Amino acid sequence: GDPKLEYAEWDSRMDMMGSWFSDMKKSNRFLYERESIDGSKVVSNVIDPETKTVKEMLNFASNDYLNLTQDKRIQAKVIEAIEQYGGGAGGAPLLSGTMSIIRELQEQISSMKAMEASIVYTSGYAANIGTISGLLGHKDIAIYDMFSHASLIDGSKGSNKKFFAHNDPASLEKVLKNVQNKYINKLVVLDGVYSMDGDICNLPEILDVAHYYGAWVLVDEAHATGVIGKNGKGTIDYFGLEGKIDIITGTLSKSVGAVGGFVSASQKLINYLKYSSRSYMFSTSPYLPAVAAALEGLKLIANNQAGQDKLWNNIQYVKARLLSAGFNIGNAETAIFPIIIGDDNKVKEMTYRLHQKGIFVNPVPYPAVPRKLTRVRMTITAGFSEDQLDNALNKIEETAKELSII
Ligand code: PMP
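What follows is the structure, encoded as structure tokens:
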């Protein structure tokens with residue numbers, strides 16, 4: 331947090347946020363409202379905040395990596411579930427019981443992740459905070475890769491925590507040595523695929539170090555599921571580490587094409603979480619049509635390598651072109667590409683100009699990332715044609731030259 335905000339009284343804090351927000355609105359012009367996604371699934375109609383007109387853009391800001399949200403087979407399951415269940419689930423699992431379709435989804439997740447058991451949450455955010463806060467007692471500690479997602483870090487609010495350098499087992503070892511005798515339980519936390527950089531975790535080495543020092547390991551597979559590993563099984567399959575990970579969390583809201591989150595682990599740990607994970611215990615079960623969508627999405631991913639292959643063709647195509655144009659894309663390896671610029675004004679201007687040209691990418695200015703790593707972020711999905719990618723990449727190159735970025 332910003333100390334100016336953190337130590338201000340609530341009233342003035344809200345004023346400061348208010349003026350920051352209207353500055354953003356004026357200077358960034360990035361606060362779009364989306365109206366629809368058309369049949370090709372990679373074009374969004376967004377309402378231009380300046381002109382109030384609907385504008386068609388190629389959508390490079392979606393986590394729907396396999397374009398499943400609009401898939402007819404998923405739509406059919408959603409309609410069926412609405413007819414069968416109506417709206418909400420009516421209560422939390424502890425008091426109202428678990429619906430059988432939720433149990434089915436949990437089994438499907440456990441099978442994909444090769445873990446004994448799973449439970450589902452209303453979102454990936456709820457799964458991460460609920461799992462980590464459910465495990466951490468006063469004498470325990472969470473040790474995070476410093477690029478871990480906010481939902482993981484929020485799980486240890488008010489608890490002991492430390493960070494290690496991104497993807498660096500030697501740095502983790504240093505932290506573990508320092509805390510070794512001070513805490514009862516140690517939980518090492520990382521992302522399978524990092525959400526701002528698109529790189530893959532160094533899981534084999536991190537796991538060795540963590541387990542050597544008696545720590546447990548939690549991997550968040552939000553951006554890995556459906557993207558890496560055979561049949562989209564994720565990080566564990568990618569590295570061939572079945573049975574070695576203590577806890578996997580993830581979301582049903584990205585490649586799975588639905589909404590919701592999950593945690594997978596041993597049956598014993600999942601039983602424990604059912605009675606200690608507050609965002610599971612005290613929250614109504616997920617929306618059942620979304621559960622039906624997720625179940626179908628996971629089955630489609632498990633039985634259909636073609637979507638993943640198409641995604642990887644697109645990833646490799648974009649990566650080769652960005653590198654040959656001379657962009658700094660860090661260690662990007664998956665469907666997320668940072669175009670690292672290191673200059674906030676250029677990041678905002680490049681994003682604005684690309685939006686004007688119909689290319690929807692996101693700015694990631696300071697303080698979201700350190701100043702020298704500010705970037706334009708784009709995500710790739712399976713549904714783009716080569717022509718659409720060429721169109722976007724030509725405009726990205728042209729704009730970057732206008733701004734002397736390359
Ligand atoms: N983990 C990571 C790494 C994420 O990027 C996100 C979503 N932005 C989440 C968890 C949260 O998932 P959800 O959107 O389902 O709450």
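Using the numbering used here, read the sequence shown as starting at 331 and increasing by one per residue.
Just so you know, even glycine gets a beta-carbon here, dropped at the ideal spot from N, CA and C.
Note that the coordinates shown come from a computational prediction; the quantities given were computed from them, not determined experimentally.
When you measure from the CB of residue i to every non-hydrogen atom of the ligand PMP, does any distance come out below 7 Å?
i, result
"Tyr682", "no"
"Ser715", "no"
"Ala620", "no"
"Tyr455", "yes"
"Ala338", "no"
"Asn389", "no"
"Gly562", "no"
"Asn497", "no"
"Ser525", "yes"
"His541", "no"
"Ser481", "yes"
"Ser613", "no"
"Ser583", "yes"
Please report the straight-line C-alpha distance between residue i and residue j, rounded to a whole angstrom.
i, j, result
"Ala650", "Ala662", "11 Å"
"Asp529", "Ser486", "24 Å"
"Asn358", "Glu716", "Note that Asn358 scores a pLDDT of 48, beneath 50, so its modelled location is shaky; the value from the coordinates is reported in the next line. Each residue's Cα considered, the two are about 30 Å apart."
"Ile735", "Pro668", "14 Å"
"Leu733", "Glu679", "8 Å"
"Ala595", "Met445", "6 Å"
"Ile431", "Ser615", "11 Å"
"Gly559", "Asp550", "14 Å"
"Phe657", "Gly672", "12 Å"
"Gly564", "Ile439", "11 Å"
"Gly427", "Ser606", "16 Å"
"Tyr524", "His496", "10 Å"
"Ala722", "Val557", "22 Å"
"Leu435", "Val621", "7 Å"
"Lys385", "Asp378", "6 Å"
"Ile473", "Ser501", "11 Å"
"Ser585", "His541", "30 Å"
"Gln638", "His553", "13 Å"
"Leu482", "Asn458", "5 Å"
"Gly688", "Lys725", "9 Å"
"Phe494", "Leu520", "10 Å"
"Gly348", "Pro693", "20 Å"
"Ala636", "Asp394", "15 Å"
"Leu599", "Lys469", "19 Å"
So what's residue i in DSSP terms, helix, strand or just coil?
i, result
"Leu618", "helix"
"Met387", "strand"
"Ile412", "helix"
"Gly580", "strand"
"Ser392", "coil"
"Ser654", "helix"
"Lys574", "coil"
"Leu603", "helix"
"Met708", "strand"
"Ile483", "helix"
"Lys676", "helix"
"Gly591", "strand"
"Leu733", "coil"
"Lys560", "helix"
"Asp498", "coil"
"Asp401", "coil"
"Pro700", "coil"
"Lys469", "coil"
"Phe714", "coil"
Which same chain residues, not among the five before or five after residue i, have their C-beta less than 6 Å away from its C-beta?
i, result
"Arg683", "Thr729"
"Leu424", "Met611"
"Ile577", "Leu548, Ala595"
"Glu727", "Ala655"
"Tyr415", "Leu618"
"Leu603", "Gly464"
Spatial neighbours of residue i within its chain, please: CB distance less than 8 Å, with the 5 preceding and 5 following residues excluded, ordered by chain position.
i, result
"Phe569", "Leu533, Pro534"
"Asp674", "Pro695, Tyr696, Arg701, Thr704"
"Glu471", "As written in the sequence, residue 471 is Ile, which differs from the Glu given in the question. Same-chain partners within the cutoff: Ser489, Asn490, Lys491, Lys492, Val509, Lys512, Tyr513, Asn515, Lys516, Leu517."
"Glu572", "Ala444, Ile566"
"Arg608", "Gly460, Ser463, Gly464"
"Leu653", "Ile659"
"Met296", "Not covered by the structure: residue 296. The range shown for the chain is 331 to 736."
"Ala456", "Gly591, Ser609, Tyr610, Ser613"
Using C-beta distances below 7 Å, list every residue in its chain close to residue i, excluding the 5 sequence neighbours before and after it, in chain order.
i, result
"Ala623", "Ile404, Lys407, Val408, Gly587, Ala588"
"Met442", "Lys563, Leu628, Ala632"
"Glu503", "Val539"
With a cut-off of 8 Å on the beta carbons, I'd call residue i and residue j a contact; round off their distance for me.
i, j, result
"Pro449", "Phe592", "Correcting the residue identity first, residue 449 is Ile in this sequence and not Pro. Confirmed, Cβ separation roughly 7 Å."
"Gly544", "Cys531", "In fact, because the Cβ distance is near 20 Å, the residues do not count as touching under 8 Å."
"Thr581", "Gly454", "3 Å"
"Ile670", "Ile710", "At roughly 17 Å, the Cβ-Cβ gap does not stay under 8 Å, so Ile670 and Ile710 are not in contact."
"Phe477", "Met526", "7 Å"
"Ala665", "Leu641", "6 Å"
Cβ-heavy atom distance between residue i and the ligand COA below 7 Å?
i, result
"Asn458", "This structure lacks the ligand COA; the ligands present are the ligand PMP."
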